[in-house]
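Visitor: The structure's right below; bear with me while I get my questions together.
Number of protein chains: 2
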Amino acid sequence: MNKNISDIARMAGVAKSTVSRYLNGGSVSAKTKQKLERITREAGYVPNTFAQSLKAKRNNLIGTIVPRLDSFAAAQTMTGIDEELREAGGRMLVYNAGQDRTRELEAMTDLARQKVSGIILMPAQVTEEHLRTAEAAGIPVLLIGQSNPALHSLVYDDYRAGLLMGRHVLDMGHRRIAYLGVTEEDEAVGLRRKEGFRAAAQECEDCEIFYYESSFKIEDARLAAERILDECLPSLIVCATDNIALGVMKTAHMRGLSVPSELSITGFGGYEVTGIIHPALTTVRFPYYEAGRLAARSMLRLTAGEEVKRLTVIDVELLPQESVDNLNTASV
Amino acid sequence: MNKNISDIARMAGVAKSTVSRYLNGGSVSAKTKQKLERITREAGYVPNTFAQSLKAKRNNLIGTIVPRLDSFAAAQTMTGIDEELREAGGRMLVYNAGQDRTRELEAMTDLARQKVSGIILMPAQVTEEHLRTAEAAGIPVLLIGQSNPALHSLVYDDYRAGLLMGRHVLDMGHRRIAYLGVTEEDEAVGLRRKEGFRAAAQECEDCEIFYYESSFKIEDARLAAERILDECLPSLIVCATDNIALGVMKTAHMRGLSVPSELSITGFGGYEVTGIIHPALTTVRFPYYEAGRLAARSMLRLTAGEEVKRLTVIDVELLPQESVDNLNTASV
DNA sequence: CATTCTTTTGGAACCGGTTCCTATTTTTAA
DNA sequence: TTAAAAATAGGAACCGGTTCCAAAAGAATG
Numbered sequence: 001m002n003k004n005i006s007d008i009a010r011m012a013g014v015a016k017s018t019v020s021r022y023l024n025g026g027s028v029s030a031k032t033k034q035k036l037e038r039i040t041r042e043a044g045y046v047p048n049t050f051a052q053s054l055k056a057k058r059n060n061l062i063g064t065i066v067p068r069l070d071s072f073a074a075a076q077t078m079t080g081i082d083e084e085l086r087e088a089g090g091r092m093l094v095y096n097a098g099q100d101r102t103r104e105l106e107a108m109t110d111l112a113r114q115k116v117s118g119i120i121l122m123p124a125q126v127t128e129e130h131l132r133t134a135e136a137a138g139i140p141v142l143l144i145g146q147s148n149p150a151l152h153s154l155v156y157d158d159y160r161a162g163l164l165m166g167r168h169v170l171d172m173g174h175r176r177i178a179y180l181g182v183t184e185e186d187e188a189v190g191l192r193r194k195e196g197f198r199a200a201a202q203e204c205e206d207c208e209i210f211y212y213e214s215s216f217k218i219e220d221a222r223l224a225a226e227r228i229l230d231e232c233l234p235s236l237i238v239c240a241t242d243n244i245a246l247g248v249m250k251t252a253h254m255r256g257l258s259v260p261s262e263l264s265i266t267g268f269g270g271y272e273v274t275g276i277i278h279p280a281l282t283t284v285r286f287p288y289y290e291a292g293r294l295a296a297r298s299m300l301r302l303t304a305g306e307e308v309k310r311l312t313v314i315d316v317e318l319l320p321q322e323s324v325d326n327l328n329t330a331s332v
Numbered sequence: 001m002n003k004n005i006s007d008i009a010r011m012a013g014v015a016k017s018t019v020s021r022y023l024n025g026g027s028v029s030a031k032t033k034q035k036l037e038r039i040t041r042e043a044g045y046v047p048n049t050f051a052q053s054l055k056a057k058r059n060n061l062i063g064t065i066v067p068r069l070d071s072f073a074a075a076q077t078m079t080g081i082d083e084e085l086r087e088a089g090g091r092m093l094v095y096n097a098g099q100d101r102t103r104e105l106e107a108m109t110d111l112a113r114q115k116v117s118g119i120i121l122m123p124a125q126v127t128e129e130h131l132r133t134a135e136a137a138g139i140p141v142l143l144i145g146q147s148n149p150a151l152h153s154l155v156y157d158d159y160r161a162g163l164l165m166g167r168h169v170l171d172m173g174h175r176r177i178a179y180l181g182v183t184e185e186d187e188a189v190g191l192r193r194k195e196g197f198r199a200a201a202q203e204c205e206d207c208e209i210f211y212y213e214s215s216f217k218i219e220d221a222r223l224a225a226e227r228i229l230d231e232c233l234p235s236l237i238v239c240a241t242d243n244i245a246l247g248v249m250k251t252a253h254m255r256g257l258s259v260p261s262e263l264s265i266t267g268f269g270g271y272e273v274t275g276i277i278h279p280a281l282t283t284v285r286f287p288y289y290e291a292g293r294l295a296a297r298s299m300l301r302l303t304a305g306e307e308v309k310r311l312t313v314i315d316v317e318l319l320p321q322e323s324v325d326n327l328n329t330a331s332v
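Taken in sequence, the protein lines are chains A and B.
No gaps in the numbering here: position 38 of the first sequence is 38 in the UniProt record's numbering, and each next residue is one more.
No gaps in the numbering here: position 327 of the second sequence is 327 in the UniProt record's numbering, and each next residue is one more.
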């Protein structure tokens, strides 16, 4: 049923090289061009991509490895990558690493086997093994969210995010604050975000900060919040991600604490849900979608052998909403 | 740098057919097997998947077309598909249709070109053109969420979902109810869900139901809720999706209406966020993840030429939470 | 009209595997 | 020890394209 290039050549009474040239815009006379136009259309001819890729030794696929499919950040980033690639005729092959480092490495190897043109990776941390695997893959690898001098990276300005948030909550009059972070192994979220916040705190003499740690899971955050409220009763909890903030908010509701009048809460990320819940969550917006587009654009340039800046820092934006009480006016 | 099968054959002093046989478990003597084991390992040899697919005329890719990447349902379904395929050595190629029917059709054609083994589609509606395109693709196409006699389909029991929800809210004593649905062009969400609900309403004589329509967007739902509250002031709004319910909840908060004591709200879907927000949203859980797994399993059987039931109905489950007031006890 | 330069075309080789068929070697049975 | 059977290996064709090179055809020039 499906015709191949030889069939078409035979039907048109020409050599298959002529058909190939016709399809790829080579020099073909107007007459044969017309004939081939008609015949390929009538036969519904579609070139076999395997055969094309076999000869070309490359395809238009970009592998994207995400830590999980059901996260706002991953979804937005993927959407951005997908749209940018599509406009350039490329395609996105998604791999879900399920937040498992081994699967992340396997995914890279596997994508290299499939001979994708490049890999966009959203890792939680970059290990020596990541570098070795990327090296072995022999194709461009671009990181989003984490950076490494050995690879091309696209990072958010996590330090500034922490700084902005810190200054904002201090401005609002909060002095007794809990910071609920994540493991420092995650350099971006765990370390730099916290350091930015700490820097803001150090600009203010009379504030007390309590540092806590949780996982990225909402349920773990909920439990951590229980501990925080039992131990130090802050006026505000700064959470390292919006999801963590949701967990903390849940705890507040369960304890009957009113947000923000009895407990203020902030997040990081700018997830859609932060604007929908009540009270809307004060957070720092990370432009995931734009980062995805930018990543795809950079990757296309890399696969074309063009130069790309090794490290790009993406700006973030404070998004003050309702979940932070203004203690200045309250005391007036 | 990268070796091909001929290189390996030369290095081992055998014919490439022998190498191929070694790789694919054909009859090879213990001695050559050992030798090839060593050589392929040392050379880091990896077969070229294009060449394999070219000969085999098929690959292990399953195309998945989702309406959008950033929806809970899509994310869960993709995760299910991905995990099931991975266990069977298959891979998922994701296409984002961006809620655009034209792009959905293009995606099918495009996937067929890439010679994926099968397509899993999550359409908002199935048109004649979908059928034609699927037919032309010449590979198995499986629908999730919508059904069509011409294709293999996996649907949720939307009618029962509506029925369960209807009975539940009536049980809770609500009699003046608004149903905020979506277009009936969406047979599953727009039509059957509503019909189930209507059937439940008809089991009760003294209830008044007001039907409204919105899009799937939270913001549109928010606006629709404004209209509903202005026009008929029900004790409860049944929303056709959890996202719509979130929009309605937003309006309630903005108007200072307490949920559920002044306005009860329900959704459909069982999105993660429904359990996190306060009050937690009463909804019907749709097992998206399991559906994804099931879809992948069915697709693998289809590509293997095995028989698969044409229509599978997936059961749903009522998830009563806090957003529905019990008017029975209230009046006691 | 002959000659030269361009444009168009066909043929063959190639990309990197798999598979079929035949030849050779090894094993088993007689 | 030899014949028959079984296991192993090699060679060639094939999958469906692209590309290089040489031949043929057409256009331009003197």
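For glycine and all other residues, C-beta sits at the position ideal for the given N, C-alpha and C.
Remember, it's a predicted structure, so these values are computed and weren't measured experimentally.
According to DSSP, what are the bridge partners of B/Asp63?
Guide: Translated into positions along the second sequence, residue 63 of chain B becomes position 63. Reading off the sequence, residue 63 of chain B comes out as Gly, not Asp. Bridge partners of B/Gly63: B/Leu93, B/Ile119.
Visitor: Answer yes or no: does any C-beta atom of chain A fall closer than 8 Å to that of B/Phe216?
Guide: Position 216 of the second sequence, counted from the start, is the residue given in the question as residue 216 of chain B. No - not a single Cβ of chain A is within 8 Å of the one on B/Phe216.
Visitor: Rounding to the nearest angstrom, what Cα-Cα distance links B/Ala136 and A/Pro47 in this structure?
Guide: Taking the second sequence and counting its residues from 1, the one referred to as residue 136 of chain B is at position 136. Taking the first sequence and counting its residues from 1, the one referred to as residue 47 of chain A is at position 47. Near 15 Å, if we compare the C-alpha coordinates of A/Pro47 and B/Ala136.
Visitor: With respect to the beta strand (DSSP E) encompassing B/Tyr156, which residues constitute its N-terminal and C-terminal limits?
Guide: Against the second sequence, residue 156 of chain B aligns to sequence position 156. Residues 152 to 156.
Visitor: Whole angstroms is fine: what's the gap from A/Thr251's alpha carbon to B/Gln99's?
Guide: Along the first sequence, one-based indexing puts residue 251 of chain A at 251. Along the second sequence, one-based indexing puts residue 99 of chain B at 99. Roughly 36 Å between the two C-alpha positions.
Visitor: Would a check of beta-carbon distances place B/Asn328 closer than 8 Å to chain A?
Guide: By one-based count along the second sequence, residue 328 of chain B stands at place 328. It does not; no Cβ of chain A falls within 8 Å.
Visitor: My output table needs one value for A/Glu317: the three-state DSSP class, helix, strand or coil.
Guide: Walking along the first sequence from the start, residue 317 of chain A turns up at place 317. A/Glu317 sits in a strand when the DSSP states are folded into three classes.
Visitor: Kindly indicate if chain A contains any beta-carbon less than 8 Å away from that of B/Ile276.
Guide: For this step, residue 276 of chain B is matched to residue 276 along the second sequence. Taking CB atoms only, B/Ile276 has a neighbour in chain A less than 8 Å away.
Visitor: Are the beta-carbon atoms of B/Gly196 and B/Tyr159 separated by less than 8 Å?
Guide: For the purposes of this step, residue 196 of chain B is taken as residue 196 along the second sequence, with counting starting at 1. For the purposes of this step, residue 159 of chain B is taken as residue 159 along the second sequence, with counting starting at 1. Contact: yes.
Visitor: Go ahead and label residue 333 of chain A buried or exposed: buried means 16 or more other beta carbons lie within 10 angstroms of its beta carbon, across all protein chains shown.
Guide: Summary: the structure shown does not reach residue 333 of chain A, with chain A confined to residues 1 through 332, and so no result is reported for it.
Visitor: If you measure between the beta carbons of B/Arg175 and B/Glu203, is that distance less than 8 Å?
Guide: As a position in the second sequence, residue 175 of chain B is number 175, starting the count at 1. As a position in the second sequence, residue 203 of chain B is number 203, starting the count at 1. One thing to note: B/Arg175 has its Cβ no nearer than 8 Å to the Cβ of B/Glu203.
Visitor: Could you check whether the Cβ of A/Lys115 sits closer than 8 Å to any Cβ belonging to chain B?
Guide: Walking along the first sequence from the start, residue 115 of chain A turns up at place 115. Interface criterion met: the Cβ of A/Lys115 is under 8 Å from a Cβ in chain B.
Visitor: By the 10 Å Cβ neighbour count, where 16 or more other Cβ atoms means buried, how is A/Ala304 classified, buried or exposed?
Guide: Within the first sequence, the letter at position 304 stands for residue 304 of chain A. It is exposed - the Cβ of A/Ala304 has fewer than 16 other Cβ atoms within 10 Å.
Visitor: Just to confirm before moving on: does the CB-CB distance between B/Asn326 and B/Gly145 stay below 8 Å?
Guide: As a working mapping, residue 326 of chain B is identified with position 326 in the second sequence. As a working mapping, residue 145 of chain B is identified with position 145 in the second sequence. Going by C-beta atoms, B/Asn326 is not nearer than 8 Å to B/Gly145.
Visitor: Determine the contact status of A/Val284 and A/Ala161, defining contact as a CB-CB distance below 8 Å.
Guide: Within the first sequence, numbered from 1, the residue matching residue 284 of chain A stands at position 284. Within the first sequence, numbered from 1, the residue matching residue 161 of chain A stands at position 161. It is a contact, given that the beta carbons lie within the stated cut-off.
Visitor: Contact between the stretch 57 to 70 of chain A and the stretch 94 to 112 of chain A is defined here as three or more beta-carbon pairs at a separation below 8 Å; is this criterion met?
Guide: yes
Visitor: Report the start-end ranges of each alpha helix (DSSP H) in the stretch 189 to 264 of chain A that is 4 residues or longer and not cut off at the edges.
Guide: 193 to 202, 218 to 231, 242 to 254
Visitor: Determine the extent of the beta strand (DSSP E) in which B/Arg176 is found, giving its start and end residues.
Guide: As a first step, residue 176 of chain B must be located in the second sequence, where it is residue number 176. Taken as a continuous stretch (DSSP letters only), the beta strand (DSSP E) holding B/Arg176 covers 176 to 181.
Visitor: Kindly provide the ranges of any alpha helix (DSSP H) runs that are 4 or more residues long and lie completely inside the UniProt domain "HTH lacI-type" (3 to 56) of chain A, ordered along the chain.
Guide: 5 to 12, 16 to 23, 30 to 43, 49 to 56
Visitor: Quick one: does B/Lys250 have its CB under 8 Å from some CB of chain A?
Guide: Taking the first residue of the second sequence as position 1, residue 250 of chain B is located at position 250. Yes, B/Lys250 counts as interfacial toward chain A.
Visitor: Measuring straight from C-alpha to C-alpha, what distance separates B/Ile177 and B/Leu229?
Guide: By one-based count along the second sequence, residue 177 of chain B stands at place 177. By one-based count along the second sequence, residue 229 of chain B stands at place 229. So the two alpha carbons sit approximately 11 Å from each other.
Visitor: Identify the residues that DSSP records as bridge partners of B/Arg285: which are they?
Guide: As a first step, residue 285 of chain B is located in the second sequence; it is residue number 285 there, counting from the start. According to DSSP, which records beta bridges pairwise, B/Arg285 is partnered with B/Gly269, B/Glu317.
Visitor: Using the three-state DSSP reduction, which class does residue 372 of chain A fall into: helix, strand or coil?
Guide: No statement about residue 372 of chain A is possible, as the shown extent of chain A runs from 1 to 332 and does not include it.
Visitor: For the stretch 33 to 49 of chain B, enumerate the residues whose C-beta is nearer than 9 Å to any C-beta of chain A, in chain order.
Guide: Gly44, Val46, Pro47, Asn48, Thr49
Visitor: DSSP beta-bridge partners for A/Leu311?
Guide: Within the first sequence, the letter at position 311 stands for residue 311 of chain A. In DSSP, A/Leu311 forms a bridge with A/Ser153.
Visitor: Count the other CB atoms within 10 Å of the CB of A/Val332; is the residue buried (16 or more) or exposed (fewer)?
Guide: Reading the first sequence from its first residue, position 332 is the one you call residue 332 of chain A. In this prediction, A/Val332 has a pLDDT of 45, which is less than 50 and means its spatial position is unreliable; what the coordinates show is noted afterwards. Per the 10 Å Cβ criterion, exposed.
Visitor: How about B/Val182 and B/Phe216: are their beta carbons less than 8 Å apart?
Guide: Position 182 of the second sequence, counting from 1, holds the residue named residue 182 of chain B. Position 216 of the second sequence, counting from 1, holds the residue named residue 216 of chain B. Closer than 8 Å, so yes.
Visitor: Tell me which residues of the stretch 140 to 166 of chain A have at least one Cβ-Cβ distance to chain B shorter than 9 Å, keeping chain order.
Guide: none
Visitor: Please confirm whether B/Asp242 has its beta-carbon closer than 8 Å to some beta-carbon of chain A.
Guide: Along the second sequence, one-based indexing puts residue 242 of chain B at 242. Judged by the 8 Å Cβ criterion, B/Asp242 is not in contact with chain A.
Visitor: Which residue comes first and which comes last in the alpha helix (DSSP H) that contains A/Ile81?
Guide: Position 81 of the first sequence, counted from the start, is the residue given in the question as residue 81 of chain A. 72 to 87 is the extent of the alpha helix (DSSP H) around A/Ile81.
Visitor: I want to see whether chain B comes within less than 8 Å of A/Thr282, judged by CB atoms only; does it?
Guide: Position 282 of the first sequence holds residue 282 of chain A. Taking a beta-carbon distance threshold of 8 Å, A/Thr282 does not count as an interface residue toward chain B.
Visitor: Can you tell me whether residue 375 of chain A is buried or exposed? The criterion is at least 16 other CB atoms within 10 Å of its CB, across all chains shown.
Guide: Only positions 1 to 332 of chain A appear in the structure, and residue 375 of chain A is not among them; the question remains open.
Visitor: Within the continuous alpha helix (DSSP H) that includes B/Asp110, where are the two ends?
Guide: In the second sequence, the residue the question calls residue 110 of chain B occupies position 110. It spans 101 to 113 - the alpha helix (DSSP H) in which B/Asp110 sits, taken as one unbroken run.
Visitor: Please state whether DSSP places B/Asn326 in a helix, a strand or coil.
Guide: Residue numbering aside, residue 326 of chain B sits at position 326 when the second sequence is read from its first letter. Note: B/Asn326 maps to coil in three-state DSSP.
Visitor: Whose Cβ in chain B lies nearer than 9 Å to the Cβ of A/Val273?
Guide: Residue numbering aside, residue 273 of chain A sits at position 273 when the first sequence is read from its first letter. Going along chain B in sequence order, the residues near A/Val273 (Cβ under 9 Å) are Leu246, Val273, Ile276, Ile277.
Visitor: Would you kindly work out how many angstroms separate the C-alpha atoms of B/Leu121 and B/Leu36, rounded to a whole number?
Guide: The residue labelled residue 121 of chain B in the question sits at position 121 within the second sequence. The residue labelled residue 36 of chain B in the question sits at position 36 within the second sequence. Looking at the two C-alpha atoms, the distance is approximately 43 Å.
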